[in-house]
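Working notes, beginning with the structure itself.
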Amino acid sequence: MDSDTKQIAFGLRHRDVALLQSLVEQYQYRLVRYLIYLLGRRDGVDDLVQETWLRVLERGSSYDGCSRFEPWLFTVARNLAIDQTRKRRTFSLDSSDDEEWDAPAAPHTSNDPSPFTLAARTEDAERLALSMQTLDPVYREALVLRFQEDLSLQEISSVVAAPVSTVASRIYRGLATLRVQLEKGNHAI
Amino acid sequence: MQSDNHKLFQQMIDETLASGTPLQEDRTLREHLQSCAVCEEYLNSSTRAIASLAGFSFAVDPMLHAKVSASLSRRAQQLEATPLSRRRWVFACIGAFVLTVAGTLFDLQFHSLIAAFFKVPGVHVQQGLLHFWIVSSLSPVLLFLLLPLLSRQKERAL
Chain A
1 MDSDTKQIAF GLRHRDVALL QSLVEQYQYR LVRYLIYLLG RRDGVDDLVQ
51 ETWLRVLERG SSYDGCSRFE PWLFTVARNL AIDQTRKRRT FSLDSSDDEE
101 WDAPAAPHTS NDPSPFTLAA RTEDAERLAL SMQTLDPVYR EALVLRFQED
151 LSLQEISSVV AAPVSTVASR IYRGLATLRV QLEKGNHAI
Chain B
1001 MQSDNHKLFQ QMIDETLASG TPLQEDRTLR EHLQSCAVCE EYLNSSTRAI
1051 ASLAGFSFAV DPMLHAKVSA SLSRRAQQLE ATPLSRRRWV FACIGAFVLT
1101 VAGTLFDLQF HSLIAAFFKV PGVHVQQGLL HFWIVSSLSP VLLFLLLPLL
1151 SRQKERAL
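Chains as they are written, first to last, in this note's numbering: chain A, 1 to 189; chain B, 1001 to 1158.
Below, the structure written as structure tokens:
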């Protein structure tokens, strides 16, 4: 792993487009999934993915290759998502028209099915789809990073810029919500 | 008392799952789980909740990879071109600055000699040097100083 990360760091320092394209292919789905969990919506995610890779190209020299690439990539994506959200909120407050801007923290309000409902492939996932949408984004984010991306608590802590204890408690709470939802589903049956 | 015991072990289960440590490594927890149906159920439902996350499969635009690759190539070309043209611009401006200083010194020191040689008034020589040398070399220097301001305005407009 160490030589891989060093190789990635070397390539990013030299703005190796071929390496970047292979990274795009390798991490594309994971980046899309992470951003959907973070934002709770599908629209705008592709643009953010594109911006993330451009940022990786421009600021790739800041990745030192001493740790895994994934946490660094998710940190870049997260910062861009937060910037975009802030811009949207500012625009929404300044704007005089009635156009609706959905903030990532806000639950899915439109009539379209949520990205989680559309993505549910199993019965349990279908049961969880609604609560995933209403779950606080910080819990959703902690869950996806820990159980889908297989990041360690320390790595998640560096991505979300929060202490390890906070990350752990987000995971406990997120899991508790999901457990309750699954139990409700069982009782309903 | 019994409920406190469950809470303690359930907290241990949470910690184990969050840290990714195999449950088998904790002997106390392992033994408790063998004899406690409540905590075993807690572990099972937690594991089920974690497994259910894998049940979400998000659709990705098949064109996304091509779009990202194209924009990366474009941006990489821009980034490669930028430092070279900026460096050239800096060298040109340094050259222009040197010419401005040299022209000014030349004008101050030798305008009377030139005027005498060509038998023209000294003021005309000074004006000629000012218009055709000093002003023309000073312009790129001033433009260079204004460049950061202009590019910032352009970024704001975008």
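Quick reminder that beta carbons are idealized off the backbone N, C-alpha and C, glycines included.
> Expressed to the nearest angstrom, what Euclidean distance is found between the alpha-carbon atoms of Ile8(A) and Trp1089(B)?
Replying inline: Here the alpha carbon of Ile8(A) sits roughly 33 Å from the alpha carbon of Trp1089(B).
>> Quick check on the burial criterion: 16 or more other C-beta atoms within 10 angstroms. Buried or exposed for Glu100(A)?
In response: Only weak support is given to the placement of Glu100(A): the predicted model assigns it a pLDDT of 37, under 50, and the question is left unresolved by the model.
> Which chain A residues are close to Leu1064(B), counting only those with a beta carbon under 7 Å from its beta carbon?
Replying inline: Neighbours of Leu1064(B) across chain A, judged by C-beta separation under 7 Å: Gln28, Asp46, Val49.
> Whose Cβ in chain A lies nearer than 8 Å to the Cβ of Asp1061(B)?
Replying inline: Those within 8 Å of Asp1061(B) in chain A are Asp46.
>> Let me check one thing: in DSSP terms, what residues is Ala120(A) bridge-paired to?
In response: Note: Ala120(A) sits in a beta bridge opposite Phe1056(B).
> Which residue's Cα is closest to the Cα of Ser1046(B): Gln1011(B), Arg1075(B), Val1123(B)?
Replying inline: The shortest C-alpha separation from Ser1046(B) is found at Gln1011(B).
> Any residues in the segment 155-175 of chain A with a beta carbon nearer than 7 Å to a beta carbon of chain B? Which ones, in chain order?
Replying inline: Residues are counted here when their Cβ sits less than 7 Å from a Cβ of chain B; for the segment 155-175 of chain A these are Ala168, Ile171, Tyr172, Leu175, given in chain order.
>> Comparing C-alpha positions only, which one of Ile1114(B), Val1123(B), Leu1072(B), Val1038(B) sits nearest to Leu23(A)?
In response: Selected option, being the one with the closest Cα: Leu1072(B).
> Closest Cβ-Cβ distance between Arg179(A) and chain B: below 7 Å?
Replying inline: Chain B has a Cβ within less than 7 Å of the Cβ of Arg179(A).
>> Please report the distance separating the alpha-carbon of Gln1078(B) from that of Ser169(A).
In response: Taking the straight line joining both Cα atoms gives about 45 Å.
>> With a threshold of 7 Å between beta carbons, is Leu1072(B) in contact with chain A?
In response: Leu1072(B) counts as touching chain A.
> Could you give the distance in angstroms between the alpha-carbon of Asp134(A) and the alpha-carbon of Ala1051(B)?
Replying inline: Before going on, a small fix: residue 134(A) reads as Thr here, not Asp. In this structure, the alpha-carbon of Thr134(A) lies about 19 Å from that of Ala1051(B).
> From what residue to what residue does the alpha helix (DSSP H) around Phe10(A) run?
Replying inline: Element bounds for Phe10(A): 2-13.
> Which chain A residues sit within Cβ distance under 8 Å of Val1038(B)?
Replying inline: Here the premise fails: no neighbours, minimum Cβ distance about 13 Å.
>> Nearest by alpha-carbon distance to Pro1139(B): which of Leu1099(B), Leu1105(B), Lys1119(B), Asp1061(B) is it?
In response: Residue identity differs from the one stated: residue 1139(B) is Ser in this sequence, not Pro. Among Leu1099(B), Leu1105(B), Lys1119(B), Asp1061(B), the Cα nearest to that of Ser1139(B) is on Leu1099(B).
> So is Asp124(A) buried or exposed if we call it buried at 16+ other beta carbons inside 10 Å?
Replying inline: By the C-beta density criterion, Asp124(A) is buried, having at least 16 other C-beta atoms within 10 angstroms.
> Closer than 7 Å, CB to CB, is Asp98(A) near chain B or not?
Replying inline: For Asp98(A), the predicted structure reports a pLDDT of 38, less than 50, and the residue's modelled location is therefore unreliable. A value from the coordinates is still provided. False, the Cβ-Cβ gap to chain B never drops below 7 Å.
> Quick one: is Pro1190(B) buried, meaning 16 or more other Cβ sit within 10 Å of its Cβ, or exposed?
Replying inline: Nothing about residue 1190(B) can be read from this structure; chain B reaches only from 1001 to 1158.
>> Does chain A have any CB closer than 7 Å to the CB of Asp1004(B)?
In response: Interface with chain A (7 Å Cβ-Cβ cutoff): Asp1004(B) is excluded.
> Does any residue of chain B bring its CB to less than 7 Å from the CB of Gln21(A)?
Replying inline: Yes, contact with chain B.
> Should Trp72(A) be flagged as near chain B, meaning a C-beta pair shorter than 7 Å?
Replying inline: Not an interface residue.
> What do you reckon, are the CB atoms on Glu126(A) and Tyr37(A) nearer than 7 Å?
Replying inline: Cβ distance not < 7 Å, so Glu126(A) and Tyr37(A) don't count as in contact.
> Which runs of the alpha helix (DSSP H) spanning at least 4 residues fall entirely within the segment 128-181 of chain A, listed in chain order?
Replying inline: Qualifying alpha helix (DSSP H) stretches, in chain order: 137-143, 153-160.
> Thinking just about the alpha-carbon of each residue, which of Val1068(B), Arg1030(B), Phe1106(B), Ala1092(B) is nearest to the one in Leu1145(B)?
Replying inline: Nearest C-alpha to Leu1145(B): Ala1092(B).
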